[in-house]
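Each residue of the sequence shown is one higher than the one before, starting from 6 at the first, in the working numbering.
Beta carbons are placed, not taken as given, at the ideal position from N, Cα and C, and that holds for glycine.
Given the structure is predicted, the values throughout are model-derived calculations rather than measurements.
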Amino acid sequence: MFDLTADNPAKAAGWWTDAYVPLCREGFDTYMRAVDFSPDGEYLVIVTTGRLSGVDLTCDTAARFETYATGRVRPTWVNHTGGDSLYAVEIVGGAVYVGGHQRWLDNPYGMESAGPGAVERPGVAAIHPVTGMALPWNPTRSRGVGVRAFAITPLGLLVGSDTDELGREYHGRIGLFPRTD
C-alpha cells in the first residue's frame with residue numbers, strides 16, 4: 006500500500022501482508038483478482054481465484070484488511086467459497102458485494118462441495134462488512150466464467166456478467182440490482 010498523504014512523491018506505507026504467500030493450485034502464478042476500498046477508506050477487501058480451498062488458505066476467498074494497521078497485517082475476516090473463483094468486489098455501506106462463479110459462501114471446509122455451514126450464493130452475493138458472513142441477499146445468476154465488474158449507481162448495483170441470467174431473469178449480460186444497504 007502507498008501513502009498518498011506523504012510529501013511528493015508518494016511512498017510505501019508501513020503496511021504489508023503475507024496472507025497471499027501460500028500457493029494455490031499449480032498453474033496459478035497469481036490469484037488476486039480485485040480489490041476495493043470502503044467508502045471511508047478504513048478497510049479494503051481482496052477477492053481471489055486459485056481452485057484450492059482450506060481454512061488457512063486465501064485461495065478462492067474474499068478477505069478484509071484494515072488500512073490503519075501497520076506492520077504485518079492479517080485479514081480481519083476471510084470468507085471462503087470452497088474452491089470457486091471470485092473476480093469482482095464492490096463495497097457500499099452495509100454490504101461487500103462479491104461476484105465470480107462461486108456456488109457457495111461461508112464455506113471454509115468445502116472443496117468443490119458444500120461443507121458444514123456453507124450457504125448457496127451462485128455467482129453474485131453480499132457479505133456483511135463487519136462479521137464477514139454472507140448476507141441473506143441471494144439474487145443468483147447462471148454461473149458461466151463469472152461476474153467481472155461491478156459499479157454502484159444511485160439506482161443500485163450494476164453487474165457485468167458473461168451470462169444472460171441474473172436474478173432468475175434474462176438480462177443480456179448486464180443487470181441492475183437494488184442496493185441492500
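Asked, Found
"Cβ separation of W109 and V124, assumed to be a contact under 8 Å, to the nearest whole Å", "6 Å"
"Residue range of the unbroken beta strand (DSSP E) whose run includes H85", "W82 to H85"
"Buried or exposed (CB count within 10 angstroms, at least 16 for buried), P134", "buried"
"Below-8 Å beta-carbon distance, G99 vs any chain D residue", "Included in the structure is just one protein chain, with no chain D present."
"Unbroken beta strand (DSSP E) run spanning F70, endpoints", "T66 to E71"
"Where T54 falls, given that 16 or more other Cβ within 10 Å makes a residue buried", "buried"
"Contact belief for L169 with G177 at Cβ below 8 Å, rounded distance in angstroms", "Correcting the residue type first, residue 169 is Asp in the shown sequence and not Leu. Indeed they touch by this definition, with Cβ atoms about 6 Å apart."
"Exposure label - Y73; buried when at least 16 CB within 10 Å", "exposed"
"Beta-carbon proximity list for M6, same chain, < 6 Å, skipping 5 on both sides", "A18 and W20"
"Sub-8 Å separation of V103 and A130 beta-carbons", "yes"
"Inter-stretch contact (C-beta, 8 Å, three-pair minimum) for the stretch 54–63 and the stretch 76–92", "yes"
"Cβ shell of D89 (< 7 Å), same chain only, five flanking positions each side left out", "D65, G105, H106, Q107 and R108"
"Chain-order list of residues whose beta-carbon lies under 7 Å from that of D23 (same chain, five-residue window excluded)", "R77"
"Residues of its chain near T75, where Cβ-Cβ distance is below 7 Å and the 5 sequence neighbours each way are ignored", "G19 and W20"
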